[in-house]
Amino acid sequence: MLKALTRNKDVDVQYYLCDKGFDVDKIRDKTDAILLYEDQNFWANCVPDELLGIKNSNIPVIVKIGDPWDATKYDVKASQEKYKIDGYFGTYASDFFYKYYPKNFNYKCILYGVEPSLYQNVIPFEERIKDKILNSGAVASTKLTNRIFAKLTKGEGDPIKHYKLRTMCNSLPYVDYTTTLGHEYVGDKYPLLLQKYATAIAATTDIYTMKYFEMPAAGCLTFMEITDKNYGKNLGYRDGENAIFINEKNYKEKFQEYLSDINNPKWKEMANLGRDHAMKNFNNDKGIESLVELIKEFK
10 MLKALTRNKD VDVQYYLCDK GFDVDKIRDK TDAILLYEDQ NFWANCVPDE
60 LLGIKNSNIP VIVKIGDPWD ATKYDVKASQ EKYKIDGYFG TYASDFFYKY
110 YPKNFNYKCI LYGVEPSLYQ NVIPFEERIK DKILNSGAVA STKLTNRIFA
160 KLTKGEGDPI KHYKLRTMCN SLPYVDYTTT LGHEYVGDKY PLLLQKYATA
210 IAATTDIYTM KYFEMPAAGC LTFMEITDKN YGKNLGYRDG ENAIFINEKN
260 YKEKFQEYLS DINNPKWKEM ANLGRDHAMK NFNNDKGIES LVELIKEFK
């Protein structure tokens, strides 16, 4: 998304390296908004501990949120006051955001995540691995002792709360699994991993993730967990048209329907339509346009 910021003709972007504190007076007369990576600094040291002078500033502060359930680990109201935050944005559905944040916080759902240059020339569908289905990302441990420990200590961060079906898929012999970082295809290289496979699994229990954007954009026929609980229906995919919807009851049946007829041309057609949908609706440039609209609301 940072690259898309610099491409947008309505934005003049300045990046600032920060120590523990950042003096807002340095940018007071030449800045329309301050964008922060998160609204706290205990996780990855992505924001300064303090915005010096922000209390006396009229520059709006807008924050990209991390995982909303992490808000249970700190005082979100204190963070809002500390940084004088005016607005929040992220890819999460608004109703999901407000499960963890106060109702009076200003939040905008902005769907982004597909950097167009990384998905321009993908490997043709017919040249990919077809008899295996790719599953990637975080999963829950299935060991009984680990499950008990996670249930007792992890709270909202318990992986089973977020990745139950994704975890279940790993027991199937035709599913190839890779962890989030346990391979060479990290960051911008992730689309190269996706292009090795004709099919991939996007499964999250409580809210869709960027995998729902990235996998179709890479040309994969995507098995998507879409339920009444995970807001996946908000993304505009159509079951059997540009994606295959799965849930905990039918996922094996849906996989077998594909595996029993892997050379059927309808799978390629479905993958292409899914790619078109993702590239059109979830690209970073479109996301930045929505972000600019949010910034203008505070000018």
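According to my numbering, the stretch in the sequence shown is residues 10 to 308, in order.
Just so you know, even glycine gets a beta-carbon here, dropped at the ideal spot from N, CA and C.
If you're wondering where the values come from, they're calculated on a predicted model, not measured in any experiment.
Looking from the CA of Asn281, the closest CA among Leu230, Cys178, Leu201, Asp237 belongs to Leu230. Nearest neighbour of Ile94 by Cα position, chosen from Tyr260, Gly228, Val22, Leu44, turns out to be Leu44. Counting every other CB atom within 10 Å of its CB across the protein chains shown gives Gln23 a total below 16, marking it as exposed. In the DSSP assignment, Asn272 forms no beta bridge with any residue. In terms of Cβ geometry, Tyr260 and Glu234 form a close pair [threshold 9 Å].
In the three-state reduction of the DSSP assignment, Asn290 falls in the helix class. If the five residues before and after Ala13 are omitted, its C-beta is found closer than 6 Å to the C-beta atoms of Asn293, Asp294, Ile297, all from its own chain and listed in chain order. DSSP places Glu59 in the strand class (E or B) of the three-state scheme.
In the three-state reduction of the DSSP assignment, Gly99 falls in the strand class.
With a beta-carbon spacing of about 14 Å, Thr213 and Asn179 fall beyond the 8 Å limit used to define contacts.
Counting only unbroken stretches of 4 or more residues, the alpha helix (DSSP H) elements lying wholly within the stretch 72-133 are 85-92, 103-106, in sequence order. Runs of the beta strand (DSSP E) lying entirely within the stretch 203-252 and spanning at least 3 residues, in chain order: 208-211, 230-234.
Pairing Leu61 with Val70 gives a Cβ-Cβ distance that is not under 9 Å.
Judged by DSSP in its simplified three-state form, Leu282 adopts helix. For Ile43, the enclosing beta strand (DSSP E) has its first and last residue at 43-45. Apart from sequence neighbours up to five positions away, the residues of its chain that approach Ile253 with a beta-carbon distance below 6 Å are Phe232, Lys263, ordered along the chain.
According to DSSP, residue pairing for Asp185 in a beta bridge involves Leu143. Rounded to the nearest angstrom, the gap between the Cα atoms of Asp237 and Ala42 is 36 Å. Under a 10 Å Cβ-count criterion, Arg16 is classified as exposed, with fewer than 16 other Cβ atoms of the shown protein chains found around its own Cβ. Per DSSP, Tyr24 lies in no alpha helix (DSSP H) and is assigned neither H nor E.
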